[in-house]
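Notes follow once the structure below has been shown.
As structure tokens, then:
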């Protein structure tokens, strides 16, 4: 089995349009959640979210290209450009592949087309509606830009999409099916219809995301993307690349129990299997980047699972209070918190939490970043549908 | 009880019974909502059906069920909450 490292990262998310802006934002504990300004917002009962502010698509794309790119694909492509640039490569090996997770795909494109034909009574939609909205558009468009002819597809597993994408890319390199991969997640569902759908499920907070806080009352939707360049460790070292982290292990599984309620046993099993896959013991893990959505159900179940896997305790934080729930991009953007702690920047505090819930009895980092020297960490993502995906990373 | 509120009571009872797969006659006013046997999705669907039927918005967040009669109260209290929301709607 080959060892796999991350040698490039890129992102566009509510905290920033680069990796360094994002990590600075994560460590500061500030929140990008605010009042949404979208058409028909007056008909929404939940009016807050975490948008990507100041994203000027025309600055990144030619008009002829832009007509084929949904906002989700734009975020992914800009992130991938940053990741490739950071890797130090000018061209990628042709066998390189691309896996991008997304929960909503070209959601904004689909919504605009439905609005045109159903609400406005128009008889035609934009001719590129299909290539814009398809789930694999972000992966395909990245591959076209960089000439990646290896395994390329989309993963859609709701809020675990990015962890599944990154984990599968890791496995493909590990087992020799590709020399390198671009992998991550993207989503742009902060639209009237997207918010309406979530509003209907009654799990959105009307006033803020407070993971593991006694007063938490739901999740807050965000948007954005993050993409990583991953390659075989030997090749990276041979070309003198800067290694951001080693991908040490991955596990995925399903609760096979409930469409929306989390399972303690499922989360616990996923973390244990990720440790086993990485050959790491619980005592070697210095940080768990929690899924931590800020809902009653997730945070309590996740805390219980973490306690079971780490009876000796482990530092935990969630960053969703800072950037909202990025859905299919969540695991990718949040992985930046893991890269930050592995390189010695400290653990990002749990933004939004100022009164930790005794019901979630974990060593929660909140209030300020915590300075630590750690050699390995876990990154959790749990999805509706009962899907669990956990990544294990080691210092590179 | 006026005819209007009697209708509301009967319709709310029918909706709750349908979601809970129970005979409406089993839904006495003092039956705790928890004893309806609705899971979280069933409860959200029942509230949706009531909102659509009466043109009201029920303030219910699944994270803070104690803030609404739908989370914790009896069938009779749920009916009273719907009646109040219908009156407020005018």
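Chains as they are written, first to last, in the working numbering: chain A, 3 to 398; chain B, 2 to 91.
We put the beta carbon where it would ideally sit given N, CA and C, even for glycine.
Under 8 Å by Cβ, that's how I've got residue i and residue j pegged, so tell me the actual separation to the nearest angstrom.
i              : j              : result
residue 228(A) : residue 11(A)  : 7 Å
residue 255(A) : residue 282(A) : With 8 Å as the limit, residue 255(A) and residue 282(A) do not qualify as a contact, their Cβ atoms being about 18 Å apart.
residue 85(A)  : residue 230(A) : 6 Å
residue 214(A) : residue 366(A) : 5 Å
residue 290(A) : residue 382(A) : 7 Å
residue 374(A) : residue 349(A) : 6 Å
residue 353(A) : residue 32(A)  : 7 Å
residue 48(A)  : residue 201(A) : 5 Å
residue 330(A) : residue 106(A) : 7 Å
residue 220(A) : residue 205(A) : 5 Å
residue 249(A) : residue 172(A) : 4 Å
residue 245(A) : residue 7(A)   : 5 Å
residue 83(B)  : residue 9(B)   : 6 Å
residue 285(A) : residue 242(A) : No, residue 285(A) and residue 242(A) are not in contact; Cβ-Cβ is about 33 Å, not under 8 Å.
residue 137(A) : residue 112(A) : Not a contact, Cβ separation roughly 11 Å.
residue 190(A) : residue 95(A)  : Rounded, the Cβ-Cβ distance is 30 Å, inconsistent with contact.
Does the distance from the CB of residue i to the CB of residue j come in under 9 Å?
i              : j              : result
residue 57(B)  : residue 86(B)  : yes
residue 104(A) : residue 133(A) : no
residue 328(A) : residue 198(A) : no
residue 355(A) : residue 288(A) : no
residue 144(A) : residue 78(A)  : yes
residue 109(A) : residue 196(A) : yes
residue 33(B)  : residue 70(B)  : no
residue 17(A)  : residue 23(A)  : yes
residue 247(A) : residue 395(A) : yes
residue 384(A) : residue 268(A) : yes
residue 90(A)  : residue 13(A)  : no
residue 161(A) : residue 324(A) : no
residue 16(B)  : residue 35(B)  : no
residue 59(A)  : residue 68(A)  : yes
residue 42(B)  : residue 21(B)  : no
residue 150(A) : residue 100(A) : yes
residue 53(A)  : residue 194(A) : no
residue 262(A) : residue 203(A) : yes
residue 361(A) : residue 216(A) : yes
residue 90(B)  : residue 49(B)  : no
residue 343(A) : residue 303(A) : no
residue 346(A) : residue 260(A) : no
residue 168(A) : residue 232(A) : yes
residue 359(A) : residue 218(A) : yes
Mind checking who residue i pairs with in its DSSP beta bridge?
i              : result
residue 249(A) : 6(A) and 395(A)
residue 372(A) : 349(A)
residue 33(B)  : 75(B)
residue 319(A) : 291(A)
residue 337(A) : DSSP output for residue 337(A) lists no bridge partner at all.
residue 232(A) : 8(A) and 183(A)
residue 155(A) : 101(A)
residue 327(A) : 223(A)
residue 384(A) : 390(A)
residue 52(A)  : 224(A)
residue 254(A) : 391(A)
residue 378(A) : 396(A)
residue 13(A)  : 228(A)
Considering Cα atoms alone, identify which of the options is closest to residue i.
i              : options                           : result
residue 65(B)  : 331(A), 122(A), 388(A) and 296(A) : 296(A)
residue 371(A) : 385(A), 325(A) and 319(A)         : 319(A)
residue 336(A) : 313(A), 3(A) and 188(A)           : 188(A)
residue 177(A) : 136(A), 208(A) and 234(A)         : 234(A)
residue 298(A) : 84(B), 81(B), 26(B) and 67(B)     : 67(B)
residue 174(A) : 97(A), 259(A), 332(A) and 245(A)  : 97(A)
residue 62(B)  : 53(B), 82(B) and 72(B)            : 72(B)
residue 185(A) : 193(A), 170(A) and 192(A)         : 170(A)
residue 56(A)  : 69(A), 34(A), 64(A) and 41(A)     : 34(A)
residue 116(A) : 128(A), 107(A) and 106(A)         : 128(A)
residue 25(A)  : 360(A), 334(A) and 358(A)         : 334(A)
residue 369(A) : 360(A), 351(A) and 38(A)          : 351(A)
residue 301(A) : 343(A), 363(A), 345(A) and 70(A)  : 363(A)
residue 146(A) : 359(A), 93(A) and 163(A)          : 93(A)
residue 126(A) : 135(A), 166(A) and 114(A)         : 114(A)
residue 277(A) : 264(A), 253(A) and 257(A)         : 253(A)
- Task: Compile a chain-ordered list of the residues in the segment 43 to 74 of chain B whose CB is closer than 8 Å to at least one CB of chain A.
- Result: Those would be 45, 48, 49, 58, 61, 62, 63, 64 and 65, in chain order.
- Interfacial residues, the segment 277 to 299 of chain A to chain B, with Cβ spacing under 9 Å: So the list reads 296, 297, 298 and 299, given in the order they occur along the chain.
Query raised in the report: Listed from N- to C-terminal order along the chain, which residues in the segment 38 to 60 of chain A have their beta-carbon within a distance smaller than 9 Å of any beta-carbon of chain B?
Result: Here the close residues are 47.
Tell me which residues of the segment 193 to 216 of chain A have at least one Cβ-Cβ distance to chain B shorter than 9 Å, keeping chain order.
Going along the segment 193 to 216 of chain A in chain order, one finds 202, 203, 204, 205, 206, 207 and 208 with a Cβ nearer than 9 Å to chain B.
query: If contact means a Cβ-Cβ distance below 9 Å, which residues of the segment 239 to 264 of chain A contact chain B?
result: Among the residues of the segment 239 to 264 of chain A, those with a Cβ less than 9 Å away from any Cβ of chain B are 260, 261, 262 and 263, in the order of the chain.
- Item | Interfacial residues, the segment 215 to 239 of chain A to chain B, with Cβ spacing under 8 Å | For the segment 215 to 239 of chain A, which is checked against every Cβ of chain B, the residues closer than 8 Å are 218, 219 and 220.
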